[in-house]
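Q: Shown below is the structure under consideration.
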Amino acid sequence: MKRSLLGLIAVGVLLLASCGDDDDGGEDASPDETLAPDDTVAPVTGSGNNVQASGECGAGTGEAATGEPIKIGGMATNIPGVDFTWITEMTGAYFECVNDNGGINGRPIEYIAEEEQVDPQQIASLAVKLVEQDQVVGIVGSTSLIECSVNDDYYGEQGFHLIVAGVAQDCFSSPNFSAVNMGPYYSSLGGAQAALRAGAEGTIVVVSPNQPGFDLINSGVVEFAEENDMEGVSILEDVPINDPAGLAQRLVAEAGDGGGVVLDFTGPTVLPLLQAIEQQGLIDSVVWASSTPPNDPSLAAELSDAWNGKFLINAEFNVLDSGEPDQEHMNEVLEQYAPDVPLSSFAQMGYLAGRIATDALLSIEGDITKESVNEAFRGVTNFVSDILCAPWYYDSTTGSNVSNNVDLTVAPEDGNMVQVEECFKITDLPGNPLDEIRAAEEENGLNTG
Amino acid sequence: MPDLKPFLVLGFALGGVFAMSGVGLVVLYRATGVLNLAYGAIGATGALITWSLLDAGWVPDWVAYLACIVFGGAATLLYGVLFGPPFSARDPLVKATATLGLLLILLGAMQWVWGRDPHGITLPTSRWNYDLFDARVSGTQVIGVVFAIVVTTGTAVFLRVTKVGTAMRALADDREITATLGVPVRRVEAAAWLGSGLVCGGAGLLLSNLVGLDIVGLTFLVIPALAAALIGRLHSLWVTLAAGFLIGIVQSSLTAFSEVAEYRTLTPFVLAILALLWFATRRRQTPAGSSR
Amino acid sequence: MSEPDVQASDEERAPLAATPASTLPRGEAVPPETIRGLRPRRDPVRVLVGAAALAFVTFGLPGMIDRFWLQIVTSVVIYSIVTLGLGLLIGRAGMVSLCQFLLLAIGAWVALRLDFATSLPFPLLVLSAGVVTGLIGALIGLPALRLSGLYLALITLMAAGAITVVLRIAQFPNGGGGFFGNSAAGGASSRLPRPAIATGDTAYFRYCIAVAVLMFLLALWHVRGKPGRAWAALRQSQATAIAAGVNVTLYRLWAFALASFMAGVAGALLAAASGGVNINQFPVQNSILLLAVVLMGGVYSLGGAVVAALLLRLLPALLDDWGVSTELLTILFGVGILQVLLTAPGGLVDQVPKDLANLGRGLRRLVGPRRAGDEAPPP
Chain Z
0 MKRSLLGLIA
10 VGVLLLASCG
20 DDDDGGEDAS
30 PDETLAPDDT
40 VAPVTGSGNN
50 VQASGECGAG
60 TGEAATGEPI
70 KIGGMATNIP
80 GVDFTWITEM
90 TGAYFECVND
100 NGGINGRPIE
110 YIAEEEQVDP
120 QQIASLAVKL
130 VEQDQVVGIV
140 GSTSLIECSV
150 NDDYYGEQGF
160 HLIVAGVAQD
170 CFSSPNFSAV
180 NMGPYYSSLG
190 GAQAALRAGA
200 EGTIVVVSPN
210 QPGFDLINSG
220 VVEFAEENDM
230 EGVSILEDVP
240 INDPAGLAQR
250 LVAEAGDGGG
260 VVLDFTGPTV
270 LPLLQAIEQQ
280 GLIDSVVWAS
290 STPPNDPSLA
300 AELSDAWNGK
310 FLINAEFNVL
320 DSGEPDQEHM
330 NEVLEQYAPD
340 VPLSSFAQMG
350 YLAGRIATDA
360 LLSIEGDITK
370 ESVNEAFRGV
380 TNFVSDILCA
390 PWYYDSTTGS
400 NVSNNVDLTV
410 APEDGNMVQV
420 EECFKITDLP
430 GNPLDEIRAA
440 EEENGLNTG
Chain V
0 MPDLKPFLVL
10 GFALGGVFAM
20 SGVGLVVLYR
30 ATGVLNLAYG
40 AIGATGALIT
50 WSLLDAGWVP
60 DWVAYLACIV
70 FGGAATLLYG
80 VLFGPPFSAR
90 DPLVKATATL
100 GLLLILLGAM
110 QWVWGRDPHG
120 ITLPTSRWNY
130 DLFDARVSGT
140 QVIGVVFAIV
150 VTTGTAVFLR
160 VTKVGTAMRA
170 LADDREITAT
180 LGVPVRRVEA
190 AAWLGSGLVC
200 GGAGLLLSNL
210 VGLDIVGLTF
220 LVIPALAAAL
230 IGRLHSLWVT
240 LAAGFLIGIV
250 QSSLTAFSEV
260 AEYRTLTPFV
270 LAILALLWFA
280 TRRRQTPAGS
290 SR
Chain S
0 MSEPDVQASD
10 EERAPLAATP
20 ASTLPRGEAV
30 PPETIRGLRP
40 RRDPVRVLVG
50 AAALAFVTFG
60 LPGMIDRFWL
70 QIVTSVVIYS
80 IVTLGLGLLI
90 GRAGMVSLCQ
100 FLLLAIGAWV
110 ALRLDFATSL
120 PFPLLVLSAG
130 VVTGLIGALI
140 GLPALRLSGL
150 YLALITLMAA
160 GAITVVLRIA
170 QFPNGGGGFF
180 GNSAAGGASS
190 RLPRPAIATG
200 DTAYFRYCIA
210 VAVLMFLLAL
220 WHVRGKPGRA
230 WAALRQSQAT
240 AIAAGVNVTL
250 YRLWAFALAS
260 FMAGVAGALL
270 AAASGGVNIN
280 QFPVQNSILL
290 LAVVLMGGVY
300 SLGGAVVAAL
310 LLRLLPALLD
320 DWGVSTELLT
330 ILFGVGILQV
340 LLTAPGGLVD
350 QVPKDLANLG
360 RGLRRLVGPR
370 RAGDEAPPP
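Chains as they are written, first to last, in numbering that gives the first Met the number 0: chain Z, 0 to 448; chain V, 0 to 291; chain S, 0 to 378.
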């Protein structure tokens with residue numbers, strides 16, 4: 000998965016040059032012109048003291064840290080069809096880079112990353128292991144299908160505030176978690192918004208892995224369809240997808256001609272489905288959209304030209320070849336410390352989690368203890384990065400944290416993922432707390448930059 | 000009434016592969032009394048070996064595809080040669096349970112070696128597409144159907160016409176007497192293991208393309224094949240063939256009906272249970288001394 | 000065998016024990032009961048040692064290990080109930096079932112559903128889960144009882160697969176309404192509240208041990224009583240048993256129901272263990288792994304059930320802790336099945352003491368003067 004940095008910068012420059020045109024009919028989804036989002040938000044670019052210079056991380060001293068390690072924990076789901084370990088690996092990679100650059104006031108970070116198989120007993124035990132056996136002072140980068148539901152009470156008891164990449168809705172409705180991403184509920188919703196703008200009509204189908212909690216995740220798209228006088232259909236499918244051609248036919252049959260289909264699978268899982276859709280000749284039958292995980296250049300490379308502009312992926316973060324400083328920095332860290340992790344939105348999540356945590360750790364003035372670390376995490380506000388559409392903060396003060404609620408749309412184009420819509424707000428619905436959260440953001444100045 | 004045509008086409012192809020695997024299971028059972036529950040696992044391992052060869056690029060593609068079939072034959076033959084004789088006088092339940100041991104060994108090995116990342120094989124035949132009755136058919140699907148019929152016919156002819164085939168049928172009827180007649184029992188059994196294994200490898204390669212190269216999924220695709228074999232009473236090749244197609248078509252067609260679509264994977268289980276219940280209610284006299 | 004052998008052959012009654020005489024080691028672990036109920040005297044020392052070990056585990060162990068390992072050990076206790084049932088089924092009644100793991104899931108499901116729908120106290124929930132699961136198990140086994148061992152095993156395999164599919168659709172109850180009791184807004188894992196006397200981890204561990212001891216006593220009562228004798232008769236020869244007036248169908252069904260009852264009880268306990276349950280804990284291959292560990296632990300001895308549970312739950316956690324890949328365990332269990340079926344039907348519980356005795360004899364011969372009884376046992 001190594002990409003030549005030079006090549007990336009070249010592509011980035013070319014794209015920046017053509018950036019102004021990305022809203023018109025050039026790379027359209029079928030059948031109509033892509034309508035411009037009406038809730039656009041001007042993206043923030045890397046600025047101030049959040050920009051990391053090339054080759055540096057954290058304090059940027061260039062010297063290896065040698066003090067007593069600071070233990071940080073993390074947990075990721077890894078089962079066939081759902082592999083979130085890219086995220087914890089990327090967070091670990093960032094921490095390694097920090098350790099090579101002076102650590103946290105001279106102390107290296109020891110990142111203990113566990114893998115789980117969606118077994119609640121195992122997940123509960125691993126949390127106990129991290130907190131009581133390994134005695135971590137903070138937990139960063141966790142990404143799990145069910146951990147937020149299983150361990151919420153325990154973390155509350157123990158006083159932990161986790162910086163996670165959220166999946167289940169439980170990660171977004173508890174003050175103990177704050178996610179750097181928006182999770183499949185909001186991301187699929189963003190995909191549905193893009194599909195609607197691209198001309199989907201009649202029915203919107205949303206399909207997710209058949210795992211607990213995904214019924215709720217699909218409900219956002221269903222509600223959105225109904226709010227827009229369309230029919231919403233929710234389908235749950237076992238992963239790995241063992242009958243991609245059959246599923247492709249089924250999705251098209253349910254959506255009807257000209258309908259919209261929002262896919263909600265990880266990149267490696269969705270690829271056989273995309274290939275089956277192409278093989279069955281169904282690309283132009285409906286408007287195809289997706290939540291964020293397929294935003295991965297290696298996936299774009301596997302798709303043929305028939306998919307150009309026809310797969311609207313909600314990107315929770317900026318494009319991977321934006322050429323902007325933070326994104327470039329991430330690409331460097333990835334190449335140097337985690338070359339096995341594909342350049343993808345998952346890598347962006349892991350990177351951001353590591354960055355935010357490091358900044359918070361560096362800001363602690365007294366001793367590094369469980370209390371001071373989690374207090375620091377909770378106190379993060381106005382974290383600016385060009386990877387994000389809007390600044391990030393931990394605590395929305397409403398009890399539900401959905402700090403990444405503005406994002407953009409990308410689509411494959413000749414083997415790459417390119418931006419096709421500007422940053423827009425994910426729509427609030429009666430079923431989600433975004434309007435309260437946005438009110439609280441404004442009132443408390445949480446993400447003004 | 001939703002449009003069933005594309006689902007029928009998909010189901011027919013899938014059913015063909017189930018039928019092919021089912022026939023392989025039946026032949027082996029008839030000749031040796033072993034119901035090889037590791038059938039899917041062997042096919043899956045072969046497919047993963049093919050994937051690795053394709054990925055590494057050391058050999059031409061056709062050699063990699065052939066490797067799956069060869070592995071299927073070799074692995075099954077090896078198991079048969081090593082574990083056939085010690086279990087030969089034991090009950091079929093014990094023989095089948097022993098193949099579960101093989102299943103676990105292969106499953107663990109596959110997950111250890113290849114478990115980390117997802118894999119996919121696209122056979123060149125999948126890129127040949129034809130439009131048939133408003134549905135799109137890929138070359139691989141056509142092969143699935145054609146091979147099923149060819150394998151079944153070939154096996155039936157083989158069993159009836161050749162010496163080895165006749166010896167296999169004799170073994171199935173009565174092992175003891177066949178041995179005393181001077182038939183080289185071990186060699187005939189080895190031939191059955193090898194033949195069954197080659198079919199297994201072929202089925203694994205086709206399934207990995209039609210269904211996906213998922214370790215656990217492919218391993219347990221032995222169940223629809225088993226269901227087809229059970230409907231064929233573990234004896235009749237033609238009924239097994241028909242049953243395989245039936246399972247594939249029914250399962251695939253149910254996808255079209257949204258109310259029951261999520262229950263469609265129950266098809267092979269339900270059909271197999273019905274077949275077994277049917278046997279229970281029809282008492283059959285066993286041939287004398289046929290306990291093996 | 001060209002047709003399904005409906006009239007099960009004699010060997011099928013005791014598949015593991017019926018090896019050709021030339022490969023059967025003498026002194027092999029054939030179950031001690033005979034048709035007349037004779038059995039060797041219980042060695043009082045062994046009983047005392049067992050009781051002491053149990054006391055240590057119950058009272059001493061929790062203080063010595065941390066919460067993480069306590070949760071693991073609790074699950075060992077719970078799973079030993081399942082392995083006990085399956086061991087009885089295979090070793091005493093001579094039947095192989097491949098759906099026990101899914102019956103565990105059904106037990107958990109029933110307990111959860113009842114808890115959300117009624118306010119039954121915990122022991123009653125556990126009992127009800129066991130009874131319902133026992134009935135379902137009997138239902139699965141009923142039509143297959145006329146078929147021979149292989150077809151019974153296949154029906155249970157098919158039932159296991161079917162239950163898996165239905166479970167994925169129904170999910171576990173989490174407080175929602177309707178028959179399935181699962182709502183989208185509920186949590187992703189379903190937890191059964193623990194009994195008031197055992198809310199803490201240590202207390203719940205001891206509670207589970209108490210239930211497990213009850214199950215073992217139940218098993219012992221069966222084995223030493225009329226059912227045990229009937230099963231032994233069935234194993235020897237079905238024709239003789241029928242001639243002796245044993246109700247073959249009833250006792251085979253009873254064995255199935257008992258094993259399912261135990262799985263149901265364990266399922267209810269599992270639902271209240273830490274973290275709760277969800278469908279990912281019950282993949283199809285776990286049923287096969289369960290069979291493997293039960294065979295390896297030893298189906299002819301009740302202690303084998305504990306060994307089996309240790310293999311299934313403790314060993315993976317240990318390997319994980321040491322950084323060894325747990326897939327190797329799957330391979331090990333596969334080898335274990337083959338080994339047990341080929342050479343050591345009694346499993347580890349039987350084989351290890353023999354191996355140790357052999358080792359002891361070997362060492363003594365190396366070191367000291369020859370003693371009576373030092374001769375190696377005949378192969």
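All C-beta atoms, glycine included, are put in the ideal place defined by N, C-alpha and C.
Hey, threonine 76 of chain Z and serine 173 of chain Z: beta-carbon distance below 9 Å or not?
A: no
Q: DSSP three-state call for tyrosine 393 of chain Z: helix, strand or coil?
A: coil
Q: In or out: leucine 99 of chain V buried (at least 16 other Cβ within 10 Å) or exposed?
A: buried
Q: Quick one, which residues of the stretch 267-280 of chain S are near chain Z if we go by CB-CB under 9 Å, in chain order?
A: Going along the stretch 267-280 of chain S in chain order, one finds Leu269, Ala272, Ser273, Gly274, Gly275, Val276, Asn277, Ile278, Asn279, Gln280 with a Cβ nearer than 9 Å to chain Z.
Q: So what does glycine 73 of chain Z bridge to, in DSSP terms?
A: The partner list for glycine 73 of chain Z (beta bridge, DSSP) reads Z:Ala112.
Q: Can you tell me whether glycine 211 of chain V is helix, strand or coil according to DSSP?
A: coil
Q: Going by other Cβ atoms of all chains shown within 10 Å of its Cβ, with 16 needed for buried, is leucine 365 of chain S buried or exposed?
A: exposed
Q: Out of Z:Gly198, Z:Asn209, Z:Gly190, Z:Gly155, which one is the CA nearest neighbour of arginine 167 of chain S?
A: Z:Asn209
Q: Nearest by alpha-carbon distance to glycine 297 of chain S: which of S:Thr201, S:Ser286, S:Leu310 is it?
A: Considering only alpha carbons, the answer is S:Leu310.
Q: From the beta carbon of threonine 285 of chain V, is the nearest beta carbon of chain Z less than 9 Å away?
A: The predicted model places threonine 285 of chain V with a pLDDT of 36, which falls under 50 and marks its position as unreliable; any figure quoted below should be read in that light. False, the Cβ-Cβ gap to chain Z never drops below 9 Å.
Q: Under three-state DSSP, which class holds methionine 63 of chain S?
A: helix
Q: Just to confirm, is the Cβ distance from glycine 72 of chain V to glycine 200 of chain V under 9 Å?
A: Their beta carbons are under 9 Å apart, which means glycine 72 of chain V touches glycine 200 of chain V by this criterion.
Q: Going by Cα to Cα distance, which pick from Z:Asp413, Z:Ile367, Z:Gly353 is closest to tryptophan 306 of chain Z?
A: Z:Asp413
Q: From tyrosine 28 of chain V to glutamine 284 of chain S, what distance separates their C-alpha atoms?
A: 23 Å
Q: Between the C-alpha atoms of valine 16 of chain V and phenylalanine 256 of chain V, what's the straight-line distance to the nearest angstrom?
A: Taking the straight line joining both Cα atoms gives about 23 Å.
Q: I'd like to confirm the pairing. Which residues does DSSP put opposite serine 177 of chain Z in its beta bridges?
A: Z:Ile162
Q: Which value, in whole angstroms, describes the spacing of the CA atoms of tyrosine 203 of chain S and leucine 220 of chain V?
A: Distance between the alpha carbons of tyrosine 203 of chain S and leucine 220 of chain V is about 40 Å.
Q: Please report whether the beta-carbon of alanine 123 of chain Z lies at a distance below 9 Å from any beta-carbon of chain S.
A: Chain S, which has a Cβ nearer than 9 Å to the Cβ of alanine 123 of chain Z, makes this yes.
Q: Use the C-beta contact count for valine 469 of chain Z: other C-beta atoms within 10 angstroms, 16 or more gives buried, fewer gives exposed.
A: The question about residue 469 of chain Z has no answer here: the residues shown for chain Z are numbered 0 through 448.
Q: Using the beta-carbon of each residue, which ones in chain V are nearer than 7 Å to proline 293 of chain Z?
A: Below the 7 Å Cβ cutoff, chain V contributes no neighbours of proline 293 of chain Z, its closest Cβ being approximately 13 Å away.
Q: Compare the C-beta of serine 286 of chain S with all C-beta atoms of chain Z and state if any pair is closer than 9 Å.
A: Using a Cβ-Cβ cut-off of 9 Å, serine 286 of chain S does not count as an interface residue toward chain Z, since no Cβ of chain Z sits closer than that to its own.
Q: At the level of alpha carbons, what is the spacing between valine 292 of chain S and proline 5 of chain V?
A: 44 Å
Q: Does DSSP put threonine 121 of chain V in a helix, in a strand, or in coil?
A: coil
Q: Does the CB of proline 5 of chain V have a neighbour CB from chain Z at under 9 Å?
A: yes
Q: Give the interface partners of glutamate 131 of chain Z over in chain S, defined as CB-CB distance under 9 Å, in chain order.
A: Asp65, Arg66, Phe67
Q: Cα separation between threonine 198 of chain S and glycine 174 of chain S?
A: Taking the straight line from one Cα to the other gives about 20 Å.
Q: Looking at chain S, is there any beta carbon in it that lies within less than 9 Å of the beta carbon of proline 59 of chain V?
A: no
Q: Which same chain residues end up closer than 6 Å to glycine 243 of chain V when comparing Cβ atoms and leaving out the 5 residues on each side of it in sequence?
A: Excluding residues up to 5 positions away in sequence, Gly14, Phe17, Ala18, Gly21, Ala227 lie with their Cβ nearer than 6 Å to the Cβ of glycine 243 of chain V in the same chain.
Q: For a minimum of 4 consecutive residues, which ranges assigned as the alpha helix (DSSP H) are wholly contained in the stretch 41-116 of chain V?
A: 60-86, 91-113
Q: Report yes if the CB atom of alanine 46 of chain V is closer than 9 Å to the CB atom of leucine 212 of chain V, and no otherwise.
A: yes
Q: For leucine 327 of chain S, return the contacting residues in chain V, with the cut-off set at a CB-CB distance below 7 Å.
A: Gly107, Trp111
Q: Using a Cβ cut-off of 9 Å (strictly closer), state whether aspartate 118 of chain Z contacts chain V.
A: no
Q: What separation, rounded to the nearest whole angstrom, lies between the Cα atoms of leucine 3 of chain V and isoleucine 234 of chain Z?
A: 19 Å
Q: Could you check how far apart the C-beta atoms of glycine 90 of chain S and phenylalanine 255 of chain S are, in whole angstroms? I think they sit under 8 Å.
A: Contact flag wrong, Cβ pair sits at about 14 Å.
Q: Looking at the C-beta of leucine 225 of chain V, does it have a partner C-beta in chain S at a distance below 9 Å?
A: At least one chain S Cβ lies under 9 Å of leucine 225 of chain V.
Q: With contact counted as at least three CB pairs below 8 Å, one residue from each stretch, are the stretch 104-121 of chain V and the stretch 320-330 of chain S in contact?
A: yes
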